[in-house]
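Chains E and F, in that order, give the protein sequences. Residue numbers for the first sequence follow this note's numbering, beginning at 940 and rising by one. Residue numbers for the second sequence follow this note's numbering, beginning at 940 and rising by one. Each residue gets a CB set at the ideal place from its N, CA and C atoms; glycine is no exception. Working notes, beginning with the structure itself.
There are 2 protein chains.
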Amino acid sequence: MNTIEPSDRIGVAVDVVIFTVDDGHLQVLLSRREHEPFEDRWALPGGFVRPDESADQAAERELTAKAGLVGVFLEQLYTFSDPARDPRNRVVSVAYYALVSRDRLGAQAGLRESRWFRVDHGAGEVQVPELGLAKPCLAFDHDRILEAAVHRIQGKLEYVPIGFQLLPQRFTLTEIQQVYEAVLGHPIDKRNFRSKLLKSGQVREVDAYRTGAHRPARLYEFTRRTF
Amino acid sequence: MNTIEPSDRIGVAVDVVIFTVDDGHLQVLLSRREHEPFEDRWALPGGFVRPDESADQAAERELTAKAGLVGVFLEQLYTFSDPARDPRNRVVSVAYYALVSRDRLGAQAGLRESRWFRVDHGAGEVQVPELGLAKPCLAFDHDRILEAAVHRIQGKLEYVPIGFQLLPQRFTLTEIQQVYEAVLGHPIDKRNFRSKLLKSGQVREVDAYRTGAHRPARLYEFTRRTF
DNA sequence: TCGTCTTAGTGTATATACAACACTAAGCAA
DNA sequence: TTGCTTAGTGTTGTATATACACTAAGACGA
């Protein structure tokens, strides 16, 4: 225990659950595996931690490499370490989750074989239907990781202002309500939601309106903008 | 990225923040390091994850080896992965925290060079005074880990019934209030605390009293006993 | 230009949770 | 029996959460 034996060394990887909300639904970015094990199966973007970087840095690097994203909200989720989670080598995975707004997703999200999947979460279990297809089983233990990530953001949304990470800088109150409904998976009363949000001071109205097909909606922005 | 290179392998360790409440104070078990680096400095109990075990299992093993504890509350906290956190080798540490009641601590807690330290947490920073001695700087990044652990249990205590883990099976309402006060670091109103706890249904009264120097106090037990 | 459609926007009443606060009860010991 | 110490108990005001329905504004087509 005093010195590190070669047998004590283990592969350390990061896997990143990248969430966005689009079309009124929580969505997750998955990429298709190009190699064994689990070749051709869908998996969370991830990769090994390099000798000279922290897991946080590795997760940021993955975010840029796999989704072209820089400076988005990123937090550590949990570390998965079952010795059998990778059928070939011992790999411990430090899982992260990221929140991105649609407007930050350019063409870059089409990198490699990756795409967005809706996350359907009725009451407990998490499903990822691809336009009505049956729930795909993800590679490794990534179903568990995804489930843990959904559970985390649901719990966190209720008392930490992270919903803004899933929206452009300016948004309407209806848009942010739809984010909450998509993440939590249940409808919310419009008047209560608005009065509570405004009273909390998290949000500030701006002198602009979202114009479109119907009555224009006032725009708001997050008060403490994460820089 | 397809295969694991030797350079991708990293030492993976667990460190366990073992808490108890005694004498009205939150206490943490530290052990004195017997080897370099940080020889003779106080540190959290910990060790390397073996090739055939999960980090959870390694943390349980540490708990038994260093403190003689079996079957106590144990949860993963966070993974610390700064490349420079160990000055000699690259080691990633998966930190855990454990909650133990005094009555589970027998002579075993005197194993090796280890002892309990009070955790003083005014408003933010965490100090570990040894009977009035200046705050010892722990080895590695263990000050940060301890701070994160205190923050976690404070947050969790407010909405998850984990306080019972720090008490014997039967306890008085004054005892559990003292646990809350020790963890949160501030006094709590007796009547409000009692009525809220009883209304929550977490606790059930027992037909027994703690007898002692003064008026006997009714004993209670946790409703959903973790088996 | 008028009517219809769709989304935006607003207030009140009720129930529940939280916070502040002080005295009596029971046992022990001198 | 008196004094000391800890156990035990309710009410009131305030804040917060919930349930609930109509009017306002613009777009579009007849």
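DSSP on residue i, reduced to helix/strand/coil?
| i | result |
| --- | --- |
| F/Ser-1040 | coil |
| E/Thr-1111 | coil |
| E/Phe-1079 | coil |
| E/Ala-1088 | helix |
| F/Pro-1100 | coil |
| F/Glu-975 | coil |
| E/Ala-1121 | helix |
| E/Leu-1157 | First, the residue type needs correcting, since residue 1157 of chain E is Arg and not Leu in the sequence shown. E/Arg-1157: strand per DSSP, three-state reduction. |
| F/Gly-1151 | coil |
| F/Asp-1128 | coil |
| E/Leu-1106 | coil |
| E/Gly-1094 | helix |
| F/Gln-1116 | helix |
| E/Arg-980 | coil |
| F/Thr-1165 | Note on F/Thr-1165: pLDDT 46, under 50, position unreliable in the model; no value is reported. |
| F/Asp-947 | helix |
Cβ of residue i less than 7 Å from any chain E Cβ?
| i | result |
| --- | --- |
| F/Phe-1166 | With a pLDDT of 42 at F/Phe-1166, under the threshold of 50, the predicted position of this residue should be treated as unreliable, though the coordinate-derived value follows. For F/Phe-1166, the answer is no, since every Cβ of chain E falls outside 7 Å of its Cβ. |
| F/Arg-1109 | no |
| F/Thr-1150 | no |
| F/Asn-1131 | no |
| F/Arg-980 | no |
| F/Arg-1029 | yes |
| F/Val-1058 | no |
Taking only beta-carbon atoms, is residue i less than 7 Å away from chain F?
| i | result |
| --- | --- |
| E/Val-951 | yes |
| E/Phe-1012 | no |
| E/Arg-948 | yes |
| E/Pro-1187 | Outside the displayed range of chain E (940 to 1166) lies residue 1187 of chain E, so it cannot be described from this structure. |
| E/Phe-987 | yes |
| E/Thr-1018 | yes |
| E/Ile-943 | yes |
| E/Val-1033 | yes |
### Query
Residue ranges of each alpha helix (DSSP H) run of no fewer than 4 residues wholly in the segment 982-1028 of chain F, ordered along the chain?
994-1006
### Task
Mind checking the segment 990-1008 of chain F against chain E and listing, in chain order, the residues whose C-beta falls within less than 8 Å of any C-beta there?
Pro-990, Asp-991, Glu-992, Ser-993, Ala-994 and Asp-995
### Query
Taking Cβ-Cβ distances below 7 Å as the criterion, which residues of the segment 1087-1099 of chain F are in contact with chain E?
none
### Message
Under 7 Å, CB to CB, which of the residues in the segment 953-973 of chain F have a partner in chain E?
### Response
none
#### Entry: Inter-stretch contact at 8 Å, needing at least 3 Cβ pairs: the segment 968-986 of chain E / the segment 941-955 of chain E
yes
### Query
Are the segment 1136-1149 of chain F and the segment 1075-1082 of chain F touching by the rule of at least three beta carbon pairs closer than 8 Å?
no
### Query
So does the segment 1118-1130 of chain F actually touch the segment 1148-1161 of chain F, counting three or more Cβ pairs closer than 8 Å?
no
### Message
Between the segment 997-1006 of chain E and the segment 1093-1105 of chain E, can you find at least three pairs of beta-carbon atoms closer than 8 Å?
### Response
no
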